[in-house]
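In this note's numbering, the protein residues as written are 3 to 211. Cβ coordinates follow ideal geometry from the N, Cα and C atoms, glycine included. Following: one structure in structure tokens, then a few remarks.
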């Protein structure tokens with residue numbers, strides 16, 4: 003069963019003695035460093051009031067904001083989502099491997115998506131694989147377009163998805179179709195059908211100029 007890093011009270015635990023949701027996870031990392039909310043706000047460039055709502059389970063974070071929080075802690079998103087490192091952790095670059103089993107992953111729900119971050123056991127990786135349920139049917143539901151460093155590839159697994167970008171006309175993708183974009187431009191994936199829409203995406207935080 004996928005681990006849920008969401009504000010929901012019935013969230014599954016990440017692992018023994020680990021936080022049960024996104025807010026608890028952020029609070030633990032912050033307390034481990036003896037930082038105030040204002041300190042994390044300054045480092046992540048996210049308002050302290052927003053961080054407080056996340057910690058108290060009243061708000062979740064989209065991919066771009068989650069990336070900001072991770073970077074505020076001096077972590078990659080992979081490190082932020084991963085279980086605590088063990089003393090026998092494999093050195094970086096030494097035959098990386100992580101399985102994506104059915105029902106595995108860290109789940110975070112926002113207004114636009116239900117993200118399921120895969121292969122979180124691997125802390126040092128360059129790509130972030132995500133399977134997402136696309137919830138919003140319009141930009142009014144979705145909110146502001148997302149922007150973050152890097153590039154991404156998204157592929158429709160089920161349903162129809164409208165890809166909205168900052169500089170190009172919107173396009174509809176059917177099952178078996180995909181798109182590769184520079185993630186620094188505003189973008190959103192919307193459910194363009196009446197049934198569920200699912201995508202698999204792979205994000206990388208580096209850009210080839």
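Task: Burial state of residue 143 (16 or more Cβ within 10 Å) - done: Here residue 143 corresponds to residue number 141 of the chain shown, with the count starting at 1. By the 10 Å Cβ count, residue 143 comes out exposed.
Open item on the list: Looking at residue 79: is its Cβ nearer than 7 Å to the Cβ of residue 69?
Closed with: Position 77 of the chain shown, counted from the start, is the residue given in the question as residue 79. Position 67 of the chain shown, counted from the start, is the residue given in the question as residue 69. In this structure, residue 69 lies closer than 7 Å to residue 79 by Cβ.
Open item on the list: Can you tell me whether residue 58 is helix, strand or coil according to DSSP?
Closed with: Looking up residue 58 in the chain shown gives position 56. In this structure, residue 58 counts as coil in the three-state DSSP scheme.
- [ ] Going by CA-CA distance only, name the one from 134, 184 and 103 that's closest to residue 113.
- [x] Numbered from 1 along the chain shown, position 111 holds the residue referred to as residue 113. If we check each option's Cα against that of residue 113, 134 comes out closest.
- [ ] Could you tell me the distance, in whole angstroms, from the CA atom of residue 46 to the CA atom of residue 71?
- [x] Here residue 46 is taken as the residue at index 44 of the chain shown, counted from 1. Here residue 71 is taken as the residue at index 69 of the chain shown, counted from 1. Looking at the two C-alpha atoms, the distance is approximately 5 Å.
- [ ] Drop a sphere of 10 angstroms on the beta-carbon of residue 82, count the other beta-carbons inside from all chains shown, and report buried for 16 or more, exposed for fewer.
- [x] Position 80 of the chain shown, counted from the first residue, corresponds to residue 82. Buried: at least 16 other Cβ atoms inside 10 Å.
Open item on the list: Just to confirm my understanding: we take residue 25, look at its own chain, exclude 5 residues before and 5 after, and list those with CB closer than 8 Å. What are they?
Closed with: Within the chain shown, residue 25 is the residue found at index 23, counting from 1. Taken in chain order, the residues that qualify are 9, 56, 57, 58 and 59.
TODO: Quick one: give me the first and last residue of the alpha helix (DSSP H) that residue 144 is part of.
DONE: To locate residue 144, count along the chain shown from 1; it is residue 142. Its alpha helix (DSSP H) spans residues 141 to 144.
Task: Straight-line gap, residue 174 to residue 152 (C-alpha atoms, nearest Å) - done: Taking the chain shown and counting its residues from 1, the one referred to as residue 174 is at position 172. Taking the chain shown and counting its residues from 1, the one referred to as residue 152 is at position 150. Taking the straight line from one Cα to the other gives about 23 Å.
- [ ] Evaluate residue 49 with the Cβ neighbour count: other Cβ atoms within 10 Å of its Cβ, from every protein chain shown; 16 or more gives buried, anything less gives exposed.
- [x] The count along the chain shown starts at 1 and reaches residue 49 at position 47. Residue 49 should be labelled exposed.
- [ ] Have a look at 154, 145, 179 and 163 and flag the residue whose alpha-carbon is nearest the alpha-carbon of residue 132.
- [x] Position 130 of the chain shown, counted from the start, is the residue given in the question as residue 132. Among 154, 145, 179 and 163, the Cα nearest to that of residue 132 is on 154.
- [ ] Count the other CB atoms, across all protein chains shown, that sit within 10 Å of the CB of residue 1; report buried if there are 16 or more and exposed otherwise.
- [x] Because the chain in this structure spans residues 3 to 211, residue 1 falls outside the shown range and cannot be described.
- [ ] Note down the Cα distance separating residue 106 from residue 62, rounded to an integer number of angstroms.
- [x] Counting from 1 along the chain shown, the entry for residue 106 is found at position 104. Counting from 1 along the chain shown, the entry for residue 62 is found at position 60. Going from the Cα of residue 106 to the Cα of residue 62 covers about 20 Å.
Task: Alpha-carbon spacing of residue 15 relative to residue 23, whole angstroms - done: Mapped onto the chain shown, residue 15 falls at position 13. Mapped onto the chain shown, residue 23 falls at position 21. Caution is warranted here: a pLDDT of 29 is assigned to residue 15, below 50, making its placement in the model unreliable, and the coordinate value is therefore given only provisionally. If you take the alpha carbons of residue 15 and residue 23, they lie about 7 Å apart.
TODO: Quickly, what does DSSP pair residue 173 with across the bridge? List them, please.
DONE: Within the chain shown, the letter at position 171 stands for residue 173. Residue 173 pairs with 165.
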